[in-house]
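Worksheet: the structure to be examined is printed underneath.
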Amino acid sequence: MSDASSELAMLSNGQAMNQADVPILPFAAFEQAILDGVAARQRVSALFAAAAPQPGTTRLYVVLADDEQNLLFAGATEMAGDEFPSLTPRCPQVHLFEREIAEQFGLRPVGHPWFKPVRYCSSWTGRDAWSRPAQPPLLPGVGDFYRIGGEPIHEVAVGPVHAGVIEPGHFRFQCHGEQVFHLEIALGYQHRGVEEALIGGPTPRTLPYMETLSGDATVAHTTTYCQVIEALAGCQESARAQTLRGIALELERLANHVGDLGALAGDVGFLPTASYCGRLRGDFLNLTAQLCGSRFGRGLIRPGGVGFDVDAARIADLSRGLDAAAKDTAVAVNLLWNTQSAMARFEDAGPLPRAVAAELGIVGPAARASGLERDVRRDQPSGIYCFSHIPISICESGDVFARAYLRWLEIQHSIDFIRDQLRALPAGAARVPVNTLAPNSLVVALNEGWRGEVCHVALTDAQGRFARYKVVDPSFHNWAGLAYTLRDQEISDFPICNKSFNLSYCGHDL
Amino acid sequence: MIKVILARLQQKHRTMAYPAGAPPALPDRFRGAPMIATATCPAGCHACADACPTGALALNDPAHLDLGKCLFCPECANACPQHAITHSGNYQLAARRRQDLIVARDRQAVEVAGAALSDRLKKLLGRSLQLRQVSAGGCAACEADTNVLNTVGWDLSRFGIQFVASPRHADGLLVTGPVSKNMALALQKTYDAVSDPRLVIAVGACAISGGPYIDHAQVSNGVAAILPVDLYIPGCPPHPLTILDGLLRLTGRLADGPHHHTLPAP
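Below is the structure:
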């Protein structure tokens with residue numbers, strides 16, 4: 001254990017602890033523990049507020065991930081007032097967490113360099129951090145944007161309704177001719193109040209909430225939720241269920257990575273790969289549908305295991321389908337790398353330097369494409385990943401090419417992983433019963449979804465109900481990374497920069 | 511160039527024969543319209559309604575099912591002590607009228623609904639339907655499986671149906687999501703920019719009823735709260751075939767009429 005986090009409690013991925021064992025630190029010590037942890041190469045996986053037992057007070061919780069030691073650290077602080085000194089100037093990766101705390105609980109991070117709402121919704125406490133009147137209703141994207149003055153500068157505003165069949169968001173570019181000086185992204189259009197609705201659960205609606213936090217990452221979010229429940233109930237899912245979850249998670253990664261390579265090819269006008277990968281993405285989704293009837297894995301991951309088992313015939317079908325899709329994918333994707341005109345568009349576009357990625361707390365393929373070795377499957381493994389290792393892929397250049405090529409490396413590893421798992425599926429129950437949930441506990445569960453780290457933190461009350469359920473989608477960390485990559489780029493490269501991240505709006509807006 | 515040609519040969523022709531030929535095979539575990547064999551229900555049992563996340567099954571009459579709220583999840587079937595609930599393979603779910611998605615006891619085995627446009631609109635839009643998609647607060651799965659229709663396998667444009675970048679070029683909107691309060695104005699403005707006659711198609715449980723987010727203060731419980739809806743396509747998300755079937759029946763490319771379901775053997 002490093003000295004840096006000695007003030008915080010140590011725990012591991014998917015392990016429940018008594019809330020009484022989570023240290024409540026004075027604010028200065030809480031702040032210092034975060035700064036020291038980050039200085040010792042830990043990451044802020046979650047920083048959020050929750051109602052404290054004392055009326056009028058709020059608790060801030062932090063979860064730090066120490067990837068090198070496969071450990072998590074948690075701690076809290078209690079605040080009576082309506083403001084706290086912002087950590088963002090000294091620790092940029094908490095910038096959006098602090099804005100979220102302000103928006104949800106009306107606590108102002110004093111000294112935050114860009115203090116704006118996150119989702120344009122009213123606070124849970126009735127206290128507004130911006131002292132806005134209750135009427136008229138808040139409107140997303142309304143307010144000041146970062147602007148650059150001067151005659152030759154023009155502003156380009158895009159969205160919320162985009163040209164394609166995609167989610168809504170607002171993009172504001174400061175341009176000098178074709179060159180982008182700055183991009184600011186305003187989100188919140190997809191806000192549907194999920195975190196607030198999770199309080200008091202679980203209810204019959206909790207699983208559908210988890211399955212739709214980000215529709216294309218259903219398996220990642222639902223697996224993480226089920227690990228939270230299993231930790232609280234003290235139940236252990238079978239090795240068979242863990243393996244089937246891992247297969248589903250890698251199928252989800254395959255479908256999305258293959259789809260993204262097709263979309264990237266389409267955006268530079270290279271239509272062969274675009275059209276082949278568009279179809280192949282569907283083939284991988286259909287493999288998930290063979291498991292559970294839903295292309296998005298709805299109904300598959302359930303507390304205590306999985307909702308659907310497989311027999312020998314289904315395993316054989318899945319293997320055949322995987323082999324066929326893998327073969328076609330290799331042809332479709334290698335065509336892209338062999339096409340110099342496409343590569344010329346990818347290379348050097350939208351660079352995200354390693355140091356910036358580290359400072360912003362970027363996760364997932366975007367971090368690994370910038371040379372940051374972080375992958376929950378290796379660093380904080382749970383389930384099948386504790387027993388079957390999947391090699392971590394790294395690129396160094398941090399540009400669109402790196403983010404694309406990294407996906408190809410991961411596609412190959414995921415295919416090999418699924419093949420291995422299908423060959424040696426352990427025996428056991430697909431699903432075991434789940435007991436009541438432990439009261440007054442805290443659990444952190446992490447998984448490497450296809451976009452990066454999915455983090456769920458649950459706090460239960462005296463009855464074992466959720467007093468707070470925090471969801472951190474990888475997109476929450478990564479949107480700032482996309483904005484950064486546009487600096488000094490041509491605005492015409494925005495589509496490929498955007499696709500190279502392919503972030504979730506709904507996972508961010510919740 | 512030779513590599514591109516070889517790859518083209520290797521990838522083969524993939525556009526499906528449907529609707530001239532058979533529809534693409536659906537997985538054996540596909541969950542289409544739920545079928546409830548109510549004859550076996552013990553008096554006072556509402557295990558299925560209790561398990562339903564969205565209240566799609568009426569508590570006092572489990573046979574009363576709202577396909578507009580249904581997430582097509584396995585929970586009701588798993589909860590039923592009599593194993594009386596099965597999901598049929600029926601993917602044809604789209605309907606013109608909201609009330610046609612509510613399948614009452616006496617209608618369960620008879621029909622779901624019709625979807626066809628009036629003759630006048632069919633003449634105007636049947637051979638070329640340009641849609642602007644608006645995503646308004648869901649999880650993006652409906653958008654994903656709508657987008658799939660543009661891939662080579664489905665090739666939506668062979669039916670004259672295309673997604674266009676501007677509402678000014680559109681004959682209607684295809685809306686997904688429960689219509690978050692934060693998207694209501696953008697949706698209204700997009701609709702206002704489409705010239706008459708214009709269609710509104712609500713895709714997915716969210717857009718029809720609010721779906722998993724029914725009665726959240728942050729959403730509008732579906733598109734109909736804001737705009738008149740011409741076609742409802744249930745699902746969470748609807749399978750691409752369900753969406754295509756709805757669009758083809760709407761535009762008269764596929765024969766429309768009562769869709770007969772058969773009850774599973776008790």
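As you go down the protein sequences, you meet chains A and B in turn.
Our numbering applies: residue 1 is where the first sequence begins, and numbers increase by one.
Our numbering applies: residue 511 is where the second sequence begins, and numbers increase by one.
For every residue, glycine included, the Cβ atom is placed at its ideal position computed from N, Cα and C.
Owing to the predicted nature of the structure, the values given are computational and were not obtained by experimental measurement.
Looking at the backbone, the Cα of S12 (chain A) and that of A445 (chain A) are separated by about 8 Å. For T329 (chain A), there are no C-beta contacts with chain B under 7 Å, since the nearest C-beta of that chain is about 10 Å from it.
For F284 (chain A), the enclosing alpha helix (DSSP H) starts and ends at L271 to C292.
Per the C-alpha coordinates, the member of A:N447, A:T485, A:I411 and A:V356 positioned closest to Q93 (chain A) is A:V356.
Interface residue (Cβ-Cβ distance to chain A less than 7 Å): G647 (chain B) is classified as such.
Look at the beta carbons and you see the stretch 663-676 of chain B not touching the stretch 687-695 of chain B: under three pairs across the two are nearer than 8 Å. Looking at the DSSP output, A712 (chain B) sits in a beta bridge with B:V685 and B:Y742. Closest in alpha carbon position to N286 (chain A), among A:A74, A:L251 and A:I315, is A:L251. Cβ proximity to chain A below 7 Å picks out T700, P722, Y723, H726, A727, Q728 and V729 from the stretch 699-729 of chain B.
Annotation: N447 (chain A) is outside any alpha helix (DSSP H); the continuous beta strand (DSSP E) that includes it extends over S441 to G449.
Going by DSSP, L318 (chain A) is part of the alpha helix (DSSP H) stretching over A312 to W337. The beta carbon of D725 (chain B) lies closer than 6 Å to none in the same chain, with the five residues before and after it left out.
Close CB contacts of Q643 (chain B) within its chain, under the 6 Å cut and outside five residues either way in sequence, are with F673 and L684 (chain order).
With a threshold of 7 Å between beta carbons, Q521 (chain B) makes contact with chain A.
When rounded, the separation of the alpha-carbon atoms in V400 (chain A) and S500 (chain A) is 6 Å. When secondary structure is reduced to three states using DSSP, P208 (chain A) falls in the helix class. Listed in chain order, the alpha helix (DSSP H) runs fully inside the stretch 173-219 of chain A are 194-198 and 206-211, counting runs of at least 4 residues. The CB of A39 (chain A) never comes closer than 7 Å to any CB in chain B; the least such distance is about 37 Å. Taking the CA atoms as reference points, A51 (chain A) sits about 12 Å from T460 (chain A). When DSSP states are grouped into helix, strand and coil, G481 (chain A) belongs to the helix group. Residues are counted here when their Cβ sits less than 9 Å from a Cβ of chain B; for the stretch 194-209 of chain A these are V194, E196, A197, T203, P204, R205, T206, L207, P208 and Y209, given in chain order. In the DSSP assignment, the residues bridged to A9 (chain A) are A:A74. Between T125 (chain A) and G106 (chain A) a beta carbon distance of about 5 Å is seen, short of the 8 Å cut, so the two are scored as contacting. In terms of Cβ geometry, R431 (chain A) and Y723 (chain B) do not form a close pair [threshold 7 Å]. Counting only Cβ-Cβ distances below 7 Å, H191 (chain A) has contacts in chain B at S690, N692 and Q728, in chain order. DSSP places S45 (chain A) within a strand segment (E or B) once states are collapsed to three. By the rule that beta-carbons nearer than 7 Å mark a contact, V662 (chain B) touches chain A. Residue pairing from DSSP places S645 (chain B) in a beta bridge opposite B:T686. Linking Q242 (chain A) to A231 (chain A) through their CA atoms gives a straight-line distance of about 14 Å. Residue-level contact by beta carbon fails for L372 (chain A) and chain B, as no gap is shorter than 7 Å. Listed in chain order, the non-local C-beta contacts of S214 (chain A) below 7 Å within the same chain comprise H221, D473, S504, C506 and G507, local neighbours out to five positions each way being set aside. Of A:D283, A:H182 and A:Q32, the smallest CA-CA separation from R487 (chain A) is found for A:H182.
As the crow flies, the alpha-carbon of N498 (chain A) is around 13 Å from that of L352 (chain A). For P272 (chain A), the chain B residues whose Cβ falls inside 7 Å of its Cβ are V514, A517 and R518, in order along the chain. For V658 (chain B), the chain A residues whose Cβ falls inside 7 Å of its Cβ are G282, in order along the chain. Annotated three-state conformation of G624 (chain B) is coil, per DSSP.
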